[in-house]
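Residue numbers (my numbering), protein chains in the order written: chain L, 19 to 113; chain W, 50 to 427.
Written as structure tokens, this is what we have:
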């Protein structure tokens, strides 16, 4: 079964046991939301860094699918296909 | 000099936490920054149960808020996996910032209260590892009418009567609410406190209270620093009366009380809400020893010119004799007094904006002493 990969920024990797890429098996398209549920299931602190307790993506957490930030697509309902790579990138913000 | 005592000073800033230890409250050894690039708006130092637990509210602009604690003076930190403070699913709410972490009385070890944004009060019974939402306040019919202060809609002050079930909460901009049943039910208690910025300047609630603190020695007496106005109640919040006369300004954020002595409190006046600097740029702490009848200006050791303000939780006291008084400015300088404010000395400077300062007398036996990253006068 092909995988979908989620690539983490270095600052979050300690919260995923030092891994830079988390993978989830997929036999069809999945939503970004369910993908995050899957890959962060064993890493609840990582999950809380990405989304608040309502499930909403934190304001300055950007998730890219095929080069597009998901807020410009269908948000957490954006579909991801097997073999694709999902990037988690923090905004350039703050001072 | 209390040479047998050890002191810990925790400094929460816009960009991290610094911890300092001292035996004389003059020379300090530092560690930090902990949680670099996260703001630390709240700190609780819990010295009950024979340990020293430092609890901190942490908030990253990118990665959100959380609560962590350390039982070894910051050498290691623990963050509950599911989060110490998270809103129940049915509320549809998410924590924005932890504004207050308040260990309860000695007689209730393990009980820790927290105040958060959005306006909410939380209670832990396991030493601050997990908190439960106070439903009485969350479901209060006034909640939709509470406003947001400039800093956010927060429950920022919690005062619990050590001898009973009285709990007072102060929120921006909802005013003071009181519970007589340990937090089950709440009623506004703002009579006598002006809210000049509202159509009715004497509303039941909606006052912009900046900080409240209880007199440790007089049952039912509390003090409040408001957005214009300094007040005292002697009847558990039923009536508030102005005690601002004698102060150079009735605006400010800080309200501290003595750990034991009746009638002793400290404020740090700022000129006005339109300027928010020490009056004439001259920083001073003011102390009353008679419950607000008179005030004494205390500025020995403080700079002659200072244009940074002092935020509501950027000040604290310790429980030693005499009590120590500490505060930090938005310019990143922290001052300490080992004599109840008579004389101050700079502890550290050039930190990021100081959001929160807490100090305590602690046992450091068996604990790693922070490495000296910066020590003044050492």
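Heads up, the beta-carbon is just placed ideally off N, CA and C, and yes, glycines get one too.
These numbers come from a predicted model, not from an experiment.
- Task: Measure the alpha-carbon distance for residue 360 of chain W versus residue 271 of chain W and round it to whole angstroms.
- Result: In the second chain, counting from the first residue as 1, residue 360 of chain W sits at position 311. In the second chain, counting from the first residue as 1, residue 271 of chain W sits at position 222. About 19 angstroms.
- Message: Which of the three DSSP states is assigned to residue 33 of chain L in this structure?
- Response: Sequence index remark: in the first chain, residue 33 of chain L carries index 15 (1-based). Note: residue 33 of chain L maps to helix in three-state DSSP.
- Locate the alpha helix (DSSP H) running through residue 227 of chain W, then write down its first and last residues. Sequence index remark: in the second chain, residue 227 of chain W carries index 178 (1-based). Unbroken run through residue 227 of chain W is the beta strand (DSSP E), 224-228; no alpha helix (DSSP H).
- Closer than 7 angstroms by beta-carbon distance: list the chain L residues that pair up with residue 313 of chain W, in chain order. Residue 313 of chain W sits at position 264 when you count from the first residue of the second chain. The premise fails here: residue 313 of chain W is roughly 40 angstroms from chain L at the closest Cβ pair, so nothing lies under 7 angstroms.
- Message: Taking the alpha-carbon of residue 112 of chain W as reference, which of L:24, L:49 and L:33 has the nearest alpha-carbon?
- Response: Indexing the second chain from 1 puts residue 112 of chain W at position 63. For the residues L:24, L:49 and L:33, the minimum Cα distance to residue 112 of chain W belongs to L:33.
- What residues from the stretch 85-111 of chain W come within 7 angstroms of chain L, judged by C-beta to C-beta, listed N to C? Identification of residues in the stretch 85-111 of chain W having a C-beta nearer than 7 angstroms to some C-beta of chain L yields 110 and 111, given in sequence order.
- Between which two residues does the beta strand (DSSP E) containing residue 81 of chain W stretch? Working through the second chain from its first residue, we reach residue 81 of chain W at position 32. DSSP places residue 81 of chain W in the uninterrupted beta strand (DSSP E) bounded by 78-83.
- Query: Within the present structure, is the beta-carbon of residue 82 of chain L separated from the nearest heavy atom of the ligand ADP by less than 7 angstroms?
  - Reply: The ligand ADP is not part of this structure, which contains no ligands at all.
- CB contact below 8 angstroms: residue 109 of chain L versus chain W: On the first chain, position 91 is the one that residue 109 of chain L refers to. True, the Cβ-Cβ gap to chain W drops below 8 angstroms.
- Output, in sequence order along the chain, the residues in the stretch 76-101 of chain L whose CB is closer than 9 angstroms to any CB in chain W. Those residues of the stretch 76-101 of chain L that come within reach of chain W (Cβ to Cβ, closer than 9 angstroms) are 76, 77, 78 and 79.
- How would you call residue 211 of chain W, buried or exposed, if buried means at least 16 neighbouring beta carbons within 10 angstroms? Residue mapping note: residue 211 of chain W aligns to position 162 of the second chain, counting from 1. The residue is exposed, with fewer than 16 neighbouring Cβ atoms inside 10 Å.
- Query: Can you tell me where the beta strand (DSSP E) with residue 106 of chain L in it begins and where it stops?
  - Reply: One-based indexing of the first chain puts residue 106 of chain L at position 88. Looking at the DSSP string, the run of the beta strand (DSSP E) that includes residue 106 of chain L is 103-108.
- Item | When W:306, W:310, W:313 and W:298 are compared against residue 327 of chain W, the one with the closest alpha-carbon | As a first step, residue 327 of chain W must be located in the second chain, where it is residue number 278. The closest CA to that of residue 327 of chain W, considering only W:306, W:310, W:313 and W:298, is found on W:298.
- Every unbroken beta strand (DSSP E) within the stretch 135-170 of chain W, with a cutoff of 3 residues, ordered by chain: Entirely contained in the stretch 135-170 of chain W, the beta strand (DSSP E) runs reaching 3 residues are, in chain order, 146-152 and 161-166.
- Residues that residue 103 of chain L contacts on chain W, provided the C-beta gap is smaller than 9 angstroms: Within the first chain, the letter at position 85 stands for residue 103 of chain L. Residues of chain W whose Cβ lies closer than 9 angstroms to the Cβ of residue 103 of chain L do not exist, since the nearest Cβ in that chain is about 21 angstroms away.
- From which residue to which residue does the beta strand (DSSP E) around residue 56 of chain L run? The residue labelled residue 56 of chain L in the question sits at position 38 within the first chain. According to the DSSP assignment, residue 56 of chain L belongs to no beta strand (DSSP E) but to the alpha helix (DSSP H) extending over 50-57.
- If contact means a Cβ-Cβ distance below 7 angstroms, which residues of the stretch 318-348 of chain W contact chain L? Those would be none; no residue qualifies.
- Check each residue of the stretch 118-145 of chain W: if its Cβ is closer than 8 angstroms to any Cβ of chain L, include it; give the result in chain order. Here the close residues are 128, 130, 131, 132, 135, 136, 138, 141, 142, 143 and 144.
- Task: With DSSP collapsed to three states, give me the class of residue 51 of chain W.
- Result: On the second chain, position 2 is the one that residue 51 of chain W refers to. Since pLDDT at residue 51 of chain W reaches only 42, below the 50 mark, its modelled position is unreliable, and no value is offered.
- Message: I'd like the list of long-range same chain contacts for residue 399 of chain W, defined as Cβ closer than 8 angstroms, with 5 residues on each side in sequence excluded.
- Response: By 1-based counting over the second chain, the position of residue 399 of chain W is 350. For residue 399 of chain W, where only same-chain residues beyond five positions count, the Cβ hits under 8 angstroms are 381 and 382.
- Simplified DSSP assignment, three categories, for residue 218 of chain W: Translated into positions along the second chain, residue 218 of chain W becomes position 169. When secondary structure is reduced to three states using DSSP, residue 218 of chain W falls in the strand class.
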